[in-house]
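So the sequence shown is numbered by the numbering used here: it starts at 25 and just counts up by one.
Positions of the beta carbon are idealized from the N, C-alpha and C atoms, including for glycine.
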Amino acid sequence: MPPTITAFENSPDRGRGQARDMRVRWALEEVGQPYDVRLVSFAAMKQPAHLALNPFGQIPTYEDGDLALFETGAIVLHIAERHGGLLPTDANARSRAIAWMFAALNTMEPPIVELGMAMLFERDKSWYAERLPMLQDRVRTRLGELSRRLGGADWLDGAFSAGDLMMVTVLRRLNTSGLLDEYPDVAAYVARGEARPAFRRAFDAQLAVFQAASRS
Ligand SMILES: N[C@@H](CCC(=O)N[C@@H](CS)C(=O)NCC(=O)O)C(=O)O
25 MPPTITAFEN SPDRGRGQAR DMRVRWALEE VGQPYDVRLV SFAAMKQPAH
75 LALNPFGQIP TYEDGDLALF ETGAIVLHIA ERHGGLLPTD ANARSRAIAW
125 MFAALNTMEP PIVELGMAML FERDKSWYAE RLPMLQDRVR TRLGELSRRL
175 GGADWLDGAF SAGDLMMVTV LRRLNTSGLL DEYPDVAAYV ARGEARPAFR
225 RAFDAQLAVF QAASRS
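Spelled out as structure tokens, the structure:
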């Protein structure tokens, strides 16, 4: 039996591949592991059956035999550890790739999510215009640091790894902010990730879900 992941039945991102099941789909595609998808509604995500898989009532989850996981970091790491192709074999390089996964989730993603939330939900608030530049600058700081570290390299640390996969999915959340355009090398890094055949397959699969939901 292939592993089963959960994803939005009707993703609020309208198939743009911003929902976090995209990370897990991409990782599974990179390692060539077929998978099943169970689509869930917002209401179902808050019901006991889903809460047993993810206590926070979120997607994605991952089930494989008697293992159930939540949190994309843990799921992608699990996939990368059990299949070749997403983590280097050298022990130190492997640890560095995992460090980049944590950096994507713990250092890059928080200010990016904060900005995204404000742009989505605070536009009509009196403080929005004043707060926005501060949120943008926090993201710019991280993008500048990342750009300096990339230093024109294709990937963060040698060959493409789960660290890049996680970083690219986090950076893609900036697609509508215009901020990536200010860092052409980071934008090119994201584009390199998006050009990978495994990314395309994952993207098309989640887009097909949205298109089917729109037709019904
Ligand atoms: N830290 C979690 C975040 C999961 C998350 O935020 N999932 C979103 C979709 S991308 C979700 O389920 N949102 C609906 C909700 O929180 O009710 C992870 O990386 O798995």
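For ligand 1, is there a heavy atom less than 8 Å away from the beta-carbon of L189?
Working through the sequence shown from its first residue, we reach residue 189 at position 165. No, Cβ of L189 sits at least 8 Å from all heavy atoms of ligand 1.
Candidates R164, D228, P36, R224: which alpha carbon is nearest A211's?
Taking the first residue of the sequence shown as position 1, residue 211 is located at position 187. Nearest of R164, D228, P36, R224 to A211, Cα basis: R164.
What three-state label does DSSP hand D88 in the structure shown?
Position 64 of the sequence shown, counted from the start, is the residue given in the question as residue 88. Strand at D88.
Would you call the region 111-125 and the region 138-148 in contact, with 3 or more CB pairs under 8 Å?
no
On the criterion of 16 or more Cβ atoms from any shown chain inside 10 Å, does M69 qualify as buried, or is it exposed?
Translated into the one-based positions of the sequence shown, residue 69 becomes position 45. So M69 counts as buried.
Between I122, N199, Q230, R225, which has its C-alpha nearest A31's C-alpha?
In the sequence shown, residue 31 corresponds to position 7, counting from 1. Nearest of I122, N199, Q230, R225 to A31, Cα basis: Q230.
Exposed unless 16 or more other CB atoms sit within 10 angstroms - verdict on Q178:
In the sequence shown, residue 178 corresponds to position 154, counting from 1. First, the amino acid is wrong: residue 178 is Asp here, not Gln. So D178 counts as exposed.
Return the CA-CA distance between E133 and S240, expressed in angstroms with no decimal places.
Here residue 133 is taken as the residue at index 109 of the sequence shown, counted from 1. Here residue 240 is taken as the residue at index 216 of the sequence shown, counted from 1. Using only the alpha carbons, I get a separation of about 34 Å.
T131, DSSP secondary structure in three states:
For this step, residue 131 is matched to residue 107 along the sequence shown. The answer is helix: DSSP assigns T131 an H, G or I state.
Specify which residues have a beta carbon nearer than 5 Å to any heavy atom of ligand 1, listing them in chain order.
A43, R44, Q82, I83, E95, T96
Which residues in the same chain have their Cβ closer than 6 Å to the Cβ of L129, if we skip the five residues on either side of it in sequence?
For this step, residue 129 is matched to residue 105 along the sequence shown. Correct list, in chain order: G97.
I'd like the span of the beta strand (DSSP E) that includes L63, first residue to last.
For the purposes of this step, residue 63 is taken as the residue at position 39 of the sequence shown. 60-64 is the extent of the beta strand (DSSP E) around L63.
With a CB to CB cut of under 7 Å and the five nearest residues on each side skipped, what residues in its chain are close to R216?
What you label residue 216 is simply residue 192 of the sequence shown in a count that begins at 1. Cβ neighbours of R216 beyond the five flanking positions: D178.
What first and last residue would you give for the alpha helix (DSSP H) that runs through A232?
Translated into positions along the sequence shown, residue 232 becomes position 208. Its alpha helix (DSSP H) spans residues 221-239.
Pair every Cβ in the region 147-162 with every Cβ in the region 88-106, then say whether three or more of these pairs are closer than 8 Å.
no
What does a CB cutoff of less than 8 Å around D209 pick up in its chain, not counting 5 residues either side in sequence?
Taking the sequence shown and counting its residues from 1, the one referred to as residue 209 is at position 185. Hits under 8 Å: S171, L174, G176.
Does the pairing of the region 181-192 with the region 144-158 give three or more beta-carbon distances under 8 Å?
no
List in chain order: all unbroken alpha helix (DSSP H) runs of 4+ residues lying wholly within the region 89-119.
96-106
With a threshold of 16 other CB atoms inside 10 Å of the CB of W151, please say whether the residue is buried or exposed.
Your numbering for residue 151 matches position 127 in the sequence shown. With fewer than 16 other Cβ atoms within 10 Å, it is exposed.
Per DSSP, cross-strand counterpart(s) of I29:
Looking up residue 29 in the sequence shown gives position 5. According to DSSP, I29 bridges with V61, Y86.
Look at the alpha carbon of E33 and the alpha carbon of Y213, and state the distance between them as a whole number of angstroms.
Translated into the one-based positions of the sequence shown, residue 33 becomes position 9. Translated into the one-based positions of the sequence shown, residue 213 becomes position 189. If I take the Cα positions, the gap works out to 30 Å.
Are the region 221-236 and the region 39-57 touching by the rule of at least three beta carbon pairs closer than 8 Å?
yes
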